[in-house]
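Here's the structure we're looking at; comments come further down.
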Amino acid sequence: MNRIQSLLEQDHKLLSIYFTAGFPQLEDTVSILKQLEASGVDMIELGLPFSDPLADGPTIQESSTQALKNGMTTDKLFDQLKDVRNHISVPLIVMGYFNPMMQYGVERFCQRCKEVGIDGLIIPDLPVNVYHEQYQALFQQYGLLNMFLITPQTPEARIRFIDEVSEGFIYMVSSAATTGAQNSFGDTQAEYFKRIGAMKLNAKLLVGFGISNAETYQAATAHSKGAIIGSAFIKHMESNGVASVKDFINQIR
Amino acid sequence: MSTYNVNEKGYYGDFGGAYIPEMLYPNVEELRQNYLEITSKDEFKKEFDQLLKDYVGRPTPLYFAERLSKKYNTKIYLKREDLCHTGAHKINNTIGQILLAKRLGKTRIIAETGAGQHGVATATVCALMGITCIVYMGELDIKRQAPNVARMKMLGAEVRPAQSGSKTLKDATNEAIRDWINNPVDTHYIIGSVVGPHPYPDMVARFQSVISEECKTQLQEAEGRDYPDHVIACVGGGSNAAGIYYHYLDDPRVNIIAVEAAGKGIDSGESAATSALGKEGIIHGSKTLLMQNPDGQITEPYSISAGLDYPGVGPMHAHLYRSQRAEFVSIPDQEAMDWGLSLSQMEGIIPAIETAHAFAILDERKFEPNDILLFNCSGRGDKDLETYIDYFKL
């Protein structure tokens, strides 16, 4: 069984952390991974930086731009992750846009993911129908799960289709927004979390976008399996340095 | 029958589609489901045609360029899109999209702009309809294109600087898309070219197709046949080209020529010749040819004309290139600038620098005396005066 699937079977709520690979410094990737695991996070999403990240707000855009300036490339990331499974046991997901994967060669990309021990992918601009028709078989061949996003505007029939295609979790975007931290969630979000919860989907739900602190983490996980934090974590590292990973995680839960 | 137009899934051959984040799906899907139905209704067509006539000034003339024809010993016609209100063909599309947006119940319009022409055309139709307008423009472009920024402001639009990435057109487009993600219900995004996710390339091409529709009638009157031997246009994203090619796409009697901006030369590292330098990939939701590094990071194009420095081309053009339906040529800055001067002095028409690129084909290849050449004179040069002044020390 894929590490993500095993994790989703566990009873407790999950905390997943996103960070941009190659940021703040090019060679920080593995050190951040180790600290995150030591801090007790359940899963980690590694951002493969892209020049034009459409779905991301300013924090992740800027970290991506900086990571590219630092010299991050697809090959570089796989090199950094070469021995990662000697140190890291939590599930690892690569999150990135589709163009760099296309240029690398989608099959070659999947193969390298498998070699280094990546468990899944999140590709915001690869629509579920294109994935289903053209790439799902390939991903399965390399044991990779592909996670899809839903938003408050996603029609019910489409959510059902995404649920059918999903083998891991569904990434529930908290609000109509690009990525970025918010301080609290309102009634609209609570209602949306409940509405989706009531659909009794097969896939477990993880909430992302706008989660920044203990309060939003609590609200997000009340009706879901877990939550994903990205921008707030990146901001924390920017202000407090890479060595302060544990402080951030401790204030979330 | 094989066609070079879009298929029912939103592809031109291998290119097109909608590679968009899920957050955009409802917006784009709403448009996809409705655009054909709305725009084919009589009442829509009536209002669209009326505005094109009374407000834009259509039909634009088809002008036989006598001196130019004599010099190059062939028959040269210019479709005078430069005479459209606001100075270029761009407004054909913004009129169409604003009417569509109204029928979709949208109350807020966003747009991206590079040189500012599409921004001005969007601000214009928003003023006309009394709808809120926000235009995203790269921070660098705002500095470079002050007169157009002022025009947009006079027209009541808010110009928001795109500060991410390279701070130019592609980043302005990213910002507009992010705005749309954040405002999925009340907002319509007016894309300015035949780029972006399906249905945008097809929708924009349809609104611009009025150009070749008029050419058919006008050529029939002038030459007794409704098609040229060669149809020629400059291509950045490719909306003026799509418009003048549209009704000739599947007519094998018509040779299609696309002229791209070579900038300082194809191998100089400062170019916008996407067909020569681009590879298949995804930009702004569309699978097409785009300029990128080997790692799939999108690179910044260069051309002296701000309207041609887009790192991709629309999927229609990518398909015309790959299928060899169209001939692609790229022209360096210098030749384009010289043609800006030549057209001014031979025909009394000061063209936009984008447009000037197209005419350089006359020096690149030979045409027969009886050949009918149809050029899209897509925009006028007022906006480029500063560049012309600097370049020619006027």
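Here the protein sequences line up with chains G and B, keeping their order. If you want the working numbering, it's the position in the first sequence, counting the first as 1, plus 6. Numbering-wise, the working numbering puts 71 at position 77 of the second sequence, and it's gapless, one number per residue. Glycine residues also receive a C-beta, built at the ideal position from the N, C-alpha and C atoms. Model, not experiment: these values are computed from the prediction.
Residue contact check for B:SER336 against chain G: no CB pair falls below 9 Å. Listed along chain B, the residues sitting closer than 7 Å to G:GLN159 by beta-carbon distance are PRO20, PRO178. A contact between stretches requires three or more CB pairs, one per stretch, nearer than 8 Å, and the region 56 to 71 of chain G meets this requirement with the region 150 to 168 of chain B. With distances taken between CA atoms, G:ILE168 lies nearest to G:ASN152 out of G:SER181, G:ALA182, G:ALA183, G:ASN152. In the three-state reduction of the DSSP assignment, B:PHE369 falls in the strand class.
Looking from the CA of B:GLU362, the closest CA among B:GLN91, B:LYS69, B:ARG102, B:LYS273 belongs to B:LYS69. Around the CB of G:MET243, 16 or more other CB atoms lie within 10 Å, so the residue is classed as buried. Proximity of the region 34 to 54 of chain B to the region 185 to 192 of chain G falls short of the contact definition, fewer than three beta-carbon pairs being nearer than 8 Å. In the DSSP assignment, G:ASN76 falls within the alpha helix (DSSP H) that extends over 64 to 76. Annotation for B:PRO20: the continuous alpha helix (DSSP H) segment containing it runs 19 to 33. The beta carbon of G:ALA183 sits closer than 7 Å to those of PHE215, GLY216, all from its chain and outside the five residues before and after it, given in chain order. Secondary-structure assignment with DSSP links B:PHE58 through a beta bridge to B:TYR71. For B:MET146, the three-state secondary structure derived from DSSP is helix. C-alpha of G:LEU14 to C-alpha of G:PHE175: approximately 8 Å in a straight line. Secondary structure remark: continuous alpha helix (DSSP H) runs of at least 4 residues inside the region 124 to 169 of chain B, in chain order: 133 to 138, 140 to 148.
For G:LYS40, the closest alpha carbon among the candidates G:GLN257, G:ILE258, G:SER250, G:ARG259 is that of G:SER250.
Under the three-state reduction of DSSP output, G:PHE29 falls in the coil class, being neither helix nor strand. In the three-state reduction of the DSSP assignment, B:MET285 falls in the coil class, being assigned neither a helical nor a strand state. Scanning its chain for C-beta atoms nearer than 8 Å, with the 5 sequence neighbours on each side dropped, one finds around B:SER63 the residues LYS69, ILE70, in chain order. For B:THR181, there is no enclosing alpha helix (DSSP H); the enclosing beta strand (DSSP E) has its first and last residue at 181 to 184. The residues THR293, in chain order, have a CB closer than 8 Å to that of B:ASN287 in the same chain once the five nearest residues on each side in sequence are set aside. A direct Cα-Cα distance of roughly 9 Å separates G:ASN219 from G:PHE254. Using a CB distance cut-off of 9 Å, B:MET17 counts as an interface residue toward chain G. Judged by their CB atoms, B:PRO305 and B:LYS164 are nearer to each other than the 9 Å cut-off.
In this structure B:ALA352 is not in contact with B:CYS209, their Cβ atoms being roughly 15 Å apart against a cut-off of 8 Å.
Counted as a single uninterrupted DSSP element, the alpha helix (DSSP H) harbouring B:GLU329 occupies residues 327 to 341. A residue is called buried once 16 or more other Cβ atoms fall within 10 Å of its Cβ, and B:ALA144, having fewer, is exposed. Under the Cβ criterion of 9 Å, G:GLY63 is counted among the residues facing chain B. In this structure, the beta-carbon distance from B:ILE92 to B:ILE103 falls below 9 Å. Within the same chain, and ignoring the five residues on either side of B:PHE42 in sequence, the residues whose Cβ sits closer than 7 Å to its Cβ are ILE89, GLY90, LEU93.
B:SER324 carries a strand assignment under DSSP once its states are collapsed to helix, strand and coil. Residues of the region 42 to 68 of chain G with a C-beta atom less than 9 Å from some C-beta of chain B are PRO55, PHE56, SER57, ASP58, PRO59, LEU60, ALA61, ASP62, GLY63, PRO64, GLN67, GLU68, listed in chain order. For B:ARG26, none of the residues of chain G pass the 7 Å Cβ criterion, the least Cβ distance being about 12 Å.
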